[in-house]
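Asker: Whatever position you read off the sequence shown (first residue = 1), add 2 for this note's numbering. Idealized CB from N, CA, C, for every residue including glycine. Since the model is a prediction, treat every value here as computed from it, not as a measurement.
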Amino acid sequence: MSRIPLLRLTNSGLYCEQGGFHVDPWSPSACAVVTHAHGDHAVKGSRKYLTAESGRLILQHRMGPRAEIEGLPFGQTLDLNGVKVSLHPAGHILGSSQVRVEYRDEVWVVSGDYKVAPDATCAAFEPVKCHTFITESTFAHPYYHWEPQAET
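Okay, here's the thing in structure tokens:
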């Protein structure tokens, strides 16, 4: 099976050309699929937004009352120009999601921020099978040492 590059890095962030959308764009986009409402993942000015239903109101508050925001329940699939997009729990904050992108039997997942330890404030991280996994790695450097979640 040949691998189709579903996402590519652009000056505005990760872009799915087949679907016509960005994932967590760095600047306004025609269609922004947003992993969660934190400022380093969601920017104002996109024509429309897609995010997890459980985080929709948080994103609406951040983007403003005029922003067009669609909330998608976890696990439900949406067709964006022939590309299947679904959101799956990331366990980071309320409404945080991993973005699953499928086109012609190729599956890529973008995590945004995630946490595998249980957290009562949000849905638990859900492993999602894929061919390519793109992860956020802000604090992955060995310089950072984290105590076990149960001890903090």
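Sorted by chain position, which residues of the same chain lie with C-beta nearer than 6 Å to P27's C-beta, five sequence neighbours on each side aside?
Answerer: Result list for P27: S14, G15 and A34, in chain order.
Asker: Over the uninterrupted beta strand (DSSP E) stretch that includes L74, give me the two end residues.
Answerer: Taken as a continuous stretch (DSSP letters only), the beta strand (DSSP E) holding L74 covers I71 to L74.
Asker: Excluding the 5 residues preceding and the 5 following D115 in the sequence, name in chain order all residues of the same chain whose CB lies nearer than 6 Å to its CB.
Answerer: H94 and E138, listed in sequence order.
Asker: I believe V112 touches V130 by the beta-carbon criterion, under 8 Å. Please report the beta-carbon distance rounded to the nearest angstrom.
Answerer: Not confirmed; about 10 Å, so no contact.
Asker: Classify W110 as buried or exposed, calling it buried when 16 or more other Cβ atoms lie within 10 Å of its own Cβ.
Answerer: Buried, by the Cβ-count rule.
Asker: Any idea if T53 is buried or exposed, counting beta-carbon neighbours within 10 angstroms, 16 or more meaning buried?
Answerer: With 16 or more Cβ atoms within 10 Å of its Cβ, T53 is classed as buried.
Asker: Taking 6 Å as the limit between beta carbons, can you name the residues of its chain near E104, skipping five residues before and five after?
Answerer: The residues are K86.
Asker: Residue ranges of each beta strand (DSSP E) run of no fewer than 3 residues wholly in the region 18-103, ordered along the chain?
Answerer: The qualifying runs are 23-25, 33-35, 50-54, 71-74, 79-82 and 85-91.
Asker: Once the 5 residues before and after K50 are set aside, which same chain residues still bring their CB inside 6 Å of it?
Answerer: Closer than 6 Å at the Cβ level, and outside the excluded window around K50, lie C33 and E70.
Asker: Would you report the Cα separation of K46 and G84, rounded to the nearest angstrom?
Answerer: Their backbone Cα atoms lie some 26 Å apart in a straight line.
Asker: Compute the beta-carbon to beta-carbon distance between P75 and A125, rounded to the nearest angstrom, for a pair I have assumed lies under 8 Å.
Answerer: Not quite, the Cβ-Cβ distance comes to about 11 Å (not below 8 Å), so this is no contact.
Asker: Of the choices V118, E149 and G21, whose alpha-carbon is the least far from that of L82?
Answerer: Selected option, being the one with the closest Cα: G21.
Asker: Check whether the Cβ atoms of E108 and I6 lie closer than 8 Å to each other.
Answerer: Result yes, Cβ atoms of E108 and I6 sit closer than 8 Å.
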